[in-house]
Ligand SMILES: Nc1ncnc2c1ncn2[C@@H]1O[C@H](COP(=O)(O)OP(=O)(O)OP(=O)(O)O)[C@@H](O)[C@H]1O
Ligand SMILES: [Mg+2]
């Protein structure tokens, strides 16, 4: 991986950011530590200088000048490296004893460079100048300890910084390389999806880390998308196939009409039949568009709280006479009220489709029952009949668009009625169950309970 690429990786930048933070903390900690130790060492050094000064001052008070000079000479001898500095001057400013140059230091404390005192060492001196009896006495100590301390602190910080930086670069590089590998695989998968290959999936390593979790979520969406696209493809193919029959019939009607026209025969009947055929095709298209519109979910905005039992009673009322004409008995069995959230028009249409199916696909003498019940807040609307029913293996298929049982091919209808009921059920989050009413068909629409009743 090139350094420029490395910089583009968030994991690398994060590692570097953490290091910079640690380095800043290290600088602050070193600074504070150094300051504290410097204060301690300076205080100790000053105490030592004060001690030596007091001892010499004591000698100056007890003995004569020769004793004093001798005492200082003895001290100077004991410090051949001149780490302790002495300078004794009399009242006239003449140097009586000492191992440093007279730098004319002001009374009190001062920190002086060694060169200023004529000493060849890198370390500065901590000096005290003052009166010792009639004499002017200067005592000092090199600051070697302090300098050593600074070197130790700077050295430690330097090494720590170096290790932290090297560590970051190597850890960051390894991390970035690992993440890069997975991201590249994800990029490949995204590119394949963009080219229409919906079977592409992101790699899941099974570590349960954040990348795994995101990959699993994206894979799930891809699987769903693949499923819907496949279903849509299937539906389009089915529709194209099923529309071919009425279109062919229309064509035959028109061809027959033109043939009869050539022979000078009347064509009114053929034209009427062709018009009816095209009306039927129109109907199929409208129903298909209606189902697609329901499936888009846009109608969910029209949802209101409504009484499903009252709605079922109204629809059953409308169909009572039609059933009677067909020699059947329609029994409404929806007492009281059953509140649900929904679209009145679509639910009316769904119930009408179910009742129409029972009337259309069942023989005379059939009893049709339309019920709405509520148990523990769950509202179930059901339409059952005592007709031939739908075999268990066909119950899923009849929910598809344009699917009709073989025996119903000759009856009127398009095979879109139950597909619409299914779309309405899905829109309402209700489950649609086709069962055996032994004998007959039972269709249940189970709604989720809602909070708050009418
Ligand atoms: N109550 C029923 N009893 C027996 N068979 C039924 C019943 N309801 C539906 N079916 C079968 O399921 C098929 C699909 O029903 P669906 O309502 O989708 O279409 P359709 O009634 O044929 O036409 P339409 O689009 O006019 O409703 C029907 O063709 C019929 O074979
Ligand atoms: Mg129908």
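In the working numbering, the protein residues as written are 1 to 454.
Think of the CB as a built atom: it goes at the ideal place given N, C-alpha and C, for glycine as much as any other residue.
Under 9 angstroms between C-beta atoms of residue i and residue j
i           : j           : result
residue 424 : residue 284 : no
residue 270 : residue 280 : no
residue 411 : residue 448 : no
residue 103 : residue 112 : yes
residue 353 : residue 264 : no
residue 200 : residue 190 : yes
residue 100 : residue 119 : yes
residue 123 : residue 117 : no
residue 315 : residue 366 : no
residue 71  : residue 63  : yes
residue 45  : residue 146 : yes
residue 130 : residue 108 : yes
residue 289 : residue 351 : no
residue 20  : residue 157 : no
residue 389 : residue 439 : yes
residue 419 : residue 216 : no
residue 144 : residue 121 : yes
Straight-line Cα distance separating residue j from residue i
i           : j           : result
residue 52  : residue 139 : 7 angstroms
residue 198 : residue 296 : 21 angstroms
residue 343 : residue 441 : 25 angstroms
residue 179 : residue 185 : 10 angstroms
residue 7   : residue 421 : 57 angstroms
residue 452 : residue 375 : Residue confidence for residue 452 is low, a pLDDT of 48 falling below 50, so the modelled location carries little weight and cannot support an answer.
residue 35  : residue 150 : 10 angstroms
residue 443 : residue 371 : 10 angstroms
residue 455 : residue 168 : No information on residue 455 is available, as it lies outside the stretch 1 to 454 that the chain covers here.
residue 385 : residue 346 : 22 angstroms
residue 110 : residue 152 : 24 angstroms
residue 128 : residue 40  : 18 angstroms
residue 78  : residue 93  : 25 angstroms
residue 437 : residue 383 : 10 angstroms
residue 148 : residue 181 : 49 angstroms
residue 456 : residue 208 : Beyond the ends of the chain as shown, which are 1 and 454, falls residue 456; an answer cannot be given.
residue 446 : residue 433 : 8 angstroms
residue 359 : residue 427 : 26 angstroms
residue 16  : residue 164 : 9 angstroms
residue 18  : residue 202 : 30 angstroms
residue 240 : residue 395 : 23 angstroms
residue 49  : residue 89  : 18 angstroms
residue 414 : residue 195 : 37 angstroms
residue 59  : residue 67  : 8 angstroms
residue 320 : residue 377 : 29 angstroms
residue 397 : residue 183 : 42 angstroms
residue 327 : residue 226 : 48 angstroms
residue 142 : residue 57  : 21 angstroms
Contact test: residue i Cβ vs ligand 1 heavy atom, cutoff 8 angstroms
i           : result
residue 515 : Residue 515 is absent from the structure shown; the chain starts at 1 and stops at 454.
residue 428 : no
residue 411 : yes
residue 348 : no
residue 486 : Outside the shown range of the chain, which is 1 to 454, sits residue 486, and nothing can be said about it.
residue 398 : yes
residue 385 : yes
residue 243 : no
residue 230 : no
residue 9   : no
residue 438 : no
residue 280 : no
Integer Cβ distance of residue i from residue j, believed to fall under 8 angstroms
i           : j           : result
residue 267 : residue 276 : Actually they are not in contact, since the Cβ atoms of residue 267 and residue 276 sit about 14 angstroms apart, beyond 8 angstroms.
residue 254 : residue 274 : 6 angstroms
residue 23  : residue 161 : 6 angstroms
residue 229 : residue 219 : Incorrect: roughly 15 angstroms between the Cβ atoms, too far for contact.
residue 369 : residue 333 : 5 angstroms
residue 364 : residue 387 : Residue 364 to residue 387, Cβ: 10 angstroms. No contact.
residue 193 : residue 222 : 7 angstroms
residue 61  : residue 133 : 6 angstroms
residue 286 : residue 250 : No, residue 286 and residue 250 are not in contact; Cβ-Cβ is about 16 angstroms, not under 8 angstroms.
Residue i beta carbon near ligand 2 (any heavy atom closer than 8 angstroms)
i           : result
residue 406 : no
residue 389 : no
residue 327 : no
residue 283 : no
residue 418 : yes
residue 394 : no
residue 248 : no
residue 302 : no
residue 360 : yes
Any C-beta of chain C under 9 angstroms from that of residue i
i           : result
residue 122 : Looking at the structure shown, chain C is missing, and only one protein chain is on hand.
Using 8 angstroms as the threshold, is the segment 337 to 349 in touch with the segment 303 to 312, meaning 3 or more CB pairs across them?
yes
Using 8 angstroms as the Cβ pair cut-off and three pairs as the minimum, do the segment 138 to 156 and the segment 77 to 87 touch?
yes
Contact between the segment 6 to 22 and the segment 163 to 174 is defined here as three or more beta-carbon pairs at a separation below 8 angstroms; is this criterion met?
yes
Decide if the segment 220 to 240 is in contact with the segment 399 to 408; the criterion is three or more beta carbon pairs, one per stretch, under 8 angstroms apart.
yes
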